[in-house]
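In this note's numbering, the protein residues as written are 1 to 126. Yeah, the Cβ is synthetic: ideal placement off N, Cα and C, and Gly gets one too.
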Amino acid sequence: MITLTDKAAAELGALLTRKAAAPEAGLRLAVRRGGCAGWQYEMNVGMPEEGDLVVEKDQARVIVAADSIERLNGCEIDFSDDLSDAGFKVNNPQAARSCGCGTSFEIASEPPGAHAVPDGEACGSN
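In structure tokens:
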């Protein structure tokens with residue numbers, strides 16, 4: 001199960017309205033290999049695809065990519081409006097650790113470094 005905080009739902013609903021998104025559009029959330037810890041979050045406004053999980057709260061919709069559901073199960077999506085770090089945040093109980101810059105994470109059930117990028121590649125690059 002994936003949940004949205006009240007603040008995230010309000011901000012996401014406002015974002016979708018500002019972008020004049022189609023009624024079935026939402027914040028598309030996925031994890032992809034990358035970053036120094038092995039996995040990184042990918043977010044954009046998009047449409048659901050076959051097999052995706054759709055989570056709705058109030059006027060907000062989060063679409064979890066089918067291939068990412070397992071790694072995002074139990075997550076809470078929040079929104080921070082801190083001056084230096086504003087945006088949607090994923091609180092992932094499966095993340096054993098995050099990299100220093102906070103853009104990637106490692107899953108507790110996977111061997112340490114199993115999906116980390118090779119030395120020399122910048123964290124956050126794909």
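Query, Result
"Which residues DSSP lists as bridging ALA95, in chain order", "ILE107"
"For ASP67, the nearest candidate out of LYS19, ALA25, ALA95, VAL31 (CA to CA)", "VAL31"
"Residue nearest to ILE2 in terms of C-alpha spacing, selected from GLY74, PRO93, VAL45", "GLY74"
"For MET47, the nearest candidate out of LEU16, TYR41, GLN40 (CA to CA)", "LEU16"
"Cβ-based neighbour list, ALA96, same chain, cut-off 7 Å, excluding 5 preceding and 5 following", "GLU106, ILE107, ALA108"
"For PRO166, the nearest candidate out of GLU11, ALA14, GLY38, LEU72 (CA to CA)", "This structure cannot settle anything about residue 166, because the visible part of the chain is limited to 1 through 126."
"Exposed unless 16 or more other CB atoms sit within 10 angstroms - verdict on SER104", "buried"
"Test item: CB-CB of MET43 and LEU27 under 9 Å", "yes"
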